[in-house]
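Chains as they are written, first to last, in my numbering: chain W, 1 to 478; chain A, 1 to 478.
The beta-carbon is built from N, C-alpha and C at its ideal position, and this holds for glycine as well.
Structure record follows, encoded as structure tokens.
Number of protein chains: 2
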Amino acid sequence: MATGICRPEDISKWEREVDVIVVGLGAAGAAVALEASAAGAETLVLERAGGGGGTSALSGGVLYLGGGTALQKACGFEDSQEEMFKYLLATVGEAPDEEKLRLYCEQSCEHYDWLVAQGVPFNPVFYYGCSGEPPTTDGLVWSGSERSYPYCEIAKPAPRGHVPARENVAGPLLMQKLCEAVDASPAEVATNHRCVELVQEADGLVVGVVAQTLGERRAFRARRGVVLTTGGFILEDRMLDKYMPFVKGVHLRVAADGDDGSGIRLGIAAGASTSHMDKASISLPVTQPWGLKRGILVNARGQRFVDESCYYGDVGEAALYHNDGHAWLIVDDEIFEQPEYPPREVSAVGESPAELERELGLPEGSLEATLALYNRHAESKSDPVFHKTEEYVQPIVNPPFGAFDCNVESSLYAAFTLGGLECDIDGRILDPEGNAIAGLYGAGRATSALSTGGYSSGLSLGDGTFFGRRAGRAAAAG
Amino acid sequence: MATGICRPEDISKWEREVDVIVVGLGAAGAAVALEASAAGAETLVLERAGGGGGTSALSGGVLYLGGGTALQKACGFEDSQEEMFKYLLATVGEAPDEEKLRLYCEQSCEHYDWLVAQGVPFNPVFYYGCSGEPPTTDGLVWSGSERSYPYCEIAKPAPRGHVPARENVAGPLLMQKLCEAVDASPAEVATNHRCVELVQEADGLVVGVVAQTLGERRAFRARRGVVLTTGGFILEDRMLDKYMPFVKGVHLRVAADGDDGSGIRLGIAAGASTSHMDKASISLPVTQPWGLKRGILVNARGQRFVDESCYYGDVGEAALYHNDGHAWLIVDDEIFEQPEYPPREVSAVGESPAELERELGLPEGSLEATLALYNRHAESKSDPVFHKTEEYVQPIVNPPFGAFDCNVESSLYAAFTLGGLECDIDGRILDPEGNAIAGLYGAGRATSALSTGGYSSGLSLGDGTFFGRRAGRAAAAG
Chain W
1 MATGICRPED
11 ISKWEREVDV
21 IVVGLGAAGA
31 AVALEASAAG
41 AETLVLERAG
51 GGGGTSALSG
61 GVLYLGGGTA
71 LQKACGFEDS
81 QEEMFKYLLA
91 TVGEAPDEEK
101 LRLYCEQSCE
111 HYDWLVAQGV
121 PFNPVFYYGC
131 SGEPPTTDGL
141 VWSGSERSYP
151 YCEIAKPAPR
161 GHVPARENVA
171 GPLLMQKLCE
181 AVDASPAEVA
191 TNHRCVELVQ
201 EADGLVVGVV
211 AQTLGERRAF
221 RARRGVVLTT
231 GGFILEDRML
241 DKYMPFVKGV
251 HLRVAADGDD
261 GSGIRLGIAA
271 GASTSHMDKA
281 SISLPVTQPW
291 GLKRGILVNA
301 RGQRFVDESC
311 YYGDVGEAAL
321 YHNDGHAWLI
331 VDDEIFEQPE
341 YPPREVSAVG
351 ESPAELEREL
361 GLPEGSLEAT
371 LALYNRHAES
381 KSDPVFHKTE
391 EYVQPIVNPP
401 FGAFDCNVES
411 SLYAAFTLGG
421 LECDIDGRIL
431 DPEGNAIAGL
441 YGAGRATSAL
451 STGGYSSGLS
461 LGDGTFFGRR
471 AGRAAAAG
Chain A
1 MATGICRPED
11 ISKWEREVDV
21 IVVGLGAAGA
31 AVALEASAAG
41 AETLVLERAG
51 GGGGTSALSG
61 GVLYLGGGTA
71 LQKACGFEDS
81 QEEMFKYLLA
91 TVGEAPDEEK
101 LRLYCEQSCE
111 HYDWLVAQGV
121 PFNPVFYYGC
131 SGEPPTTDGL
141 VWSGSERSYP
151 YCEIAKPAPR
161 GHVPARENVA
171 GPLLMQKLCE
181 AVDASPAEVA
191 TNHRCVELVQ
201 EADGLVVGVV
211 AQTLGERRAF
221 RARRGVVLTT
231 GGFILEDRML
241 DKYMPFVKGV
251 HLRVAADGDD
261 GSGIRLGIAA
271 GASTSHMDKA
281 SISLPVTQPW
291 GLKRGILVNA
301 RGQRFVDESC
311 YYGDVGEAAL
321 YHNDGHAWLI
331 VDDEIFEQPE
341 YPPREVSAVG
351 ESPAELEREL
361 GLPEGSLEAT
371 LALYNRHAES
381 KSDPVFHKTE
391 EYVQPIVNPP
401 FGAFDCNVES
411 SLYAAFTLGG
421 LECDIDGRIL
431 DPEGNAIAGL
441 YGAGRATSAL
451 STGGYSSGLS
461 LGDGTFFGRR
471 AGRAAAAG
């Protein structure tokens, strides 16, 4: 059989026997453990690191929620399940799973309340001006392209980035609270246990795992189910080579130590199907502060390629997927200011577009033509080519002109993987014909869930916890 | 266990027992059967259709071969393994398998001789002017982007499209000859046998298949190996949704009835890893006759996006992957002629670029700016933006101007899938840790082989037959 699978008859001694085994204690694993144990299942979490948290604990902590949550209301914003659904349906990527999306939108308010009940604090204050976690402890932000064309015409915009009350990055607080909740629950946690094999009966039923701890192999039996919440694979170059080699050049791989795809590979070895393994969230955070959205992004041919006012994840995908990660943000003297984070190199400065173009090594006349066309329409606050939000449309005419480096080799992009094991709405891991592999569940970035390519900040922690809860309940029911 | 797998103990009666079972009789399956039986293995081919041929029999029949084949020499062209390797390494896509590529180039001349020895006829005549199979019975064509920038600087160009001697499409002749060779070999063929399950022992060894014929299930035991040569999955929308939904809109899916991914799904169910499932060959055959390469392709923003002189597969990928399949070929009165195949609609005509732009609904000034920049450089026969081959660079200035429809919704693109089961150089199918699944082999488009995204005509028949032969020998050795 495939590497990573063993049979019950190969196990000489079971270290423990419980109802539900959860592999990995990030946000998804915590949600699984909380709901499985709340449903009365004896639950054991095996975490390979010395403590819980995973990638969730180093993330910005944003959760994409909406439909009129208590936080949205407290901040004075109206939203509805339907508008949230329409936005997500239009932005999460091609061939989205409508059933999962609808469920997620319908129960988003309840899910927010559940997070609060676990002790996660949110300040009822709206923060304007960033595309993800704010520098403050404010609780609500824009975290997608809701106000950009064409989405603003498809769905009524509302800010849906829900951020725990911690400055700069809120992931540590989110995971502190969720891990405290797990500690207070009947679920047990064994750290420094790295799952290396699934125990599968000859008829396909998954009945346990083998974990390595301190160089020793230990077998754990699960009466009702094993849930894989092991994270993505952005740290595993062999998998990136197979599924998305272009991401290997990205400087910031958003990942804790465990995002090496081990759980995904165990699922594949057990006969599971994967999907969207070629998809990643790619952020190019060059348009913060937002005043920089008044610049234009050009590629190596001197052409614009994206609405600069949209979410920085959409900007990053356009730059990396479709323009080989070669781009510059062109500004003039009026627009120029140093980006907040990360600081960004100025690649070139010129007294005229022609001089800037020469300095950048762009084809003769290319940047001049692009700026001329942009400025011609910007005079009347319009952008018929990319439909930039009017607020950021102004002619770029005041010398000197400058170009911020947005090349993937020399500037900061941030990436994590979105694809993984295929699951149904209750986290049951599926084989290539769409049938469940008995006893095997998954949630979080070990699985493919809401995003099939497109992204808004907070979708990953959002679907990981939301579908993690459902997987926990399903596994507990056995 | 996953759907599509059964255990030997589930089989009440074995219909037959042989050494090697080959699933599918396209070009790859024929190559497997010929070599396995030549190596002395009792070989049985199960083909789901009423006769052999598969997608290979409706293809253009081009095989990408080189390094100084007898045919290249007879046509007066010099080539070397090293130049062929450099070209392929640069064009087959990101993270290519260098070992497979090198082997393919080193043994390409021998492989050509083998095809001739099987009875496949090639006329030693070079045909100039198409990017794949010629309308004549001529034997050698350009079938990639060898002469385009930057490949012409990376490797010395040589035509490597080897075409069996049949007018228009040579696939039927290729498969007629290969099937005749199989018939003349000791290998047996059972048609109307559709493989629905793999028989796998509890320890993972694949020992046979279950096939359906006339509504009846029959089990076939393989002493040494089962080889999956079942083709790609371009006909299976459920798989396209998972791996490449954007291809669903393509009008021409290049496929015989069997390209529904069934063999790939069986391999996944057995614990195999897949790679490059998001990759397809996408042809946009608008630049034939080649005089039309003097036009420029623009997207929905009125921007150029590709070197129009390159291989029509590169044009198609640029249009569909990176420009949402929205494009027009802009020509003037001097360049205009009706494309040979397929005939193509003229979307709009205008006495000036501005009028044509309005008729096409492009942003005001966009096409005008693009044409102005192109013409400015074309005056001096240069194209610093896309490096079009000089022979096709001329100003587009003679009214009326016209636009050929190259939109995916309304014009012809052609697609087939390139990804599949992962194999080593001898066709052994691999699990996610890179270890072979004992008894299971594959070749052709059921597997991922030379192309990891980029394509040149003839690579698929080329690697299918080349690695099919290796898989046949490996399976025969057991």
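Do A415 of chain A and S275 of chain A have their beta-carbon atoms positioned less than 9 Å apart in this structure? no
Using the C-alpha atoms, what's the distance from H111 of chain A back to R253 of chain A? Those two C-alpha atoms are separated by around 28 Å.
Just verifying my parser: in three-state terms, what is the DSSP assignment at V92 of chain W? Three-state result, V92 of chain W: coil.
Does the region 446-460 of chain W come into contact with the region 63-73 of chain W, if we say contact requires no fewer than three beta-carbon pairs (one atom in each stretch) closer than 8 Å? yes
What is the rounded straight-line gap between the Cα of L196 of chain A and the Cα of A211 of chain A? It is worth fixing the name first, because residue 196 of chain A is Val in this sequence and not Leu. Cα-Cα distance, rounded: 5 Å.
Can you grab the Cα-Cα spacing for the pair F126 of chain W / V169 of chain W, in whole Å? 16 Å
Same chain only: Cβ atoms within 6 Å of G132 of chain A, ignoring 5 sequence neighbours per side: So the list reads G60, V62, S143 and S457, once near-sequence residues are dropped.
DSSP three-state call for W290 of chain W: helix, strand or coil? W290 of chain W: helix per DSSP, three-state reduction.
Any 3 or more C-beta pairs closer than 8 Å across the region 411-427 of chain W and the region 379-391 of chain W: no
Against chain W, with Cβ distances strictly below 9 Å, would S143 of chain A count as a contact? no
Flag H326 of chain A as yes if its beta-carbon sits less than 9 Å from any beta-carbon of chain W, otherwise no. no
Answer yes if the region 232-240 of chain W comes into contact with the region 257-274 of chain W, meaning at least three C-beta pairs across the two stretches below 8 Å, and no otherwise. yes
Same chain, Cβ closer than 8 Å to A269 of chain W, neighbours up to 5 away in sequence not counted: M1, A2, T3, G4, I5 and L198
If R304 of chain A and F386 of chain A are in contact, beta carbons under 8 Å, what's the gap, nearest whole angstrom? 6 Å
Spatially closest choice to C105 of chain W from W:C406, W:Y87 and W:V227, by CA coordinates: W:Y87
If we ignore side chains and look at the alpha-carbon of each, how far apart do P135 of chain A and Y151 of chain W end up? In a straight line, the C-alpha of P135 of chain A is about 48 Å away from that of Y151 of chain W.
If you scan the region 136-188 of chain A from start to end, which runs of the alpha helix (DSSP H) of 4 or more residues do you find wholly inside it? Positions of the alpha helix (DSSP H) runs, each at least 4 residues long and wholly inside the region 136-188 of chain A, are given as 151-154 and 171-184 in order along the chain.
Here's the rule I'm using: 16 or more other beta-carbon atoms within 10 Å means buried, otherwise exposed. How should H251 of chain W be labelled? By the 10 Å Cβ count, H251 of chain W comes out exposed.
Under 9 Å from the C-beta of K293 of chain W: neighbouring residues of chain A: Simply none; closest approach about 19 Å.
Three-state secondary structure (DSSP) at P124 of chain A? Correct three-state label for P124 of chain A: strand.
State yes or no: is the C-beta of Y321 of chain W within less than 9 Å of the C-beta of H322 of chain A? Annotated as proximal: Y321 of chain W and H322 of chain A, with beta-carbon spacing under 9 Å.
Using the beta-carbon of each residue, which ones in chain W are nearer than 9 Å to P400 of chain A? Correct list: empty, because the minimum Cβ distance to chain W is about 24 Å.
Any contact of the region 179-188 of chain W with the region 7-20 of chain A, i.e. 3+ C-beta pairs under 8 Å? No, because fewer than three Cβ pairs between the region 179-188 of chain W and the region 7-20 of chain A fall closer than 8 Å, the two stretches do not touch.
Proximity below 9 Å, CB of A446 of chain A to CB of L103 of chain A: Taking 9 Å as the Cβ cut-off, A446 of chain A and L103 of chain A do not qualify as a contacting pair.
Between which two residues does the beta strand (DSSP E) harbouring I562 of chain A extend? A query on residue 562 of chain A cannot be resolved here, the shown segment of chain A reaching from 1 to 478 and no further.
Let's see if you can read the secondary structure: which residues bound the beta strand (DSSP E) around Y441 of chain A? Looking at the DSSP string, the run of the beta strand (DSSP E) that includes Y441 of chain A is A436 to G442.
Selection from A:G139, A:N407 and A:L46 that minimises the alpha carbon distance to A70 of chain A: A:G139
Closer than 9 Å by beta-carbon distance: list the chain W residues that pair up with H276 of chain A, in chain order. Simply K242, Y243 and D278.
With three or more beta-carbon pairs closer than 8 Å as the criterion, would you say the region 26-39 of chain A touches the region 41-56 of chain W? no
Taking the beta carbon of N299 of chain A as the centre, do at least 16 other beta carbons fall within 10 Å, making it buried, or is it exposed? buried
For chain W, is any of its Cβ atoms less than 9 Å away from the one on Q200 of chain A? yes
Using only the alpha-carbon positions, how far apart do A319 of chain A and A327 of chain A sit? So the two alpha carbons sit approximately 7 Å from each other.
Roughly how many angstroms lie between the CA atoms of T137 of chain A and D79 of chain A, to the nearest whole one? 22 Å
Helix, strand or coil at G66 of chain W according to DSSP, with G and I counted as helix: coil
Can you give the Cα-Cα distance for G40 of chain A and N192 of chain A, rounded to whole angstroms? 25 Å
Closer than 9 Å by beta-carbon distance: list the chain W residues that pair up with E94 of chain A, in chain order. Those within 9 Å of E94 of chain A in chain W are D241, M244, P245, F246 and K248.
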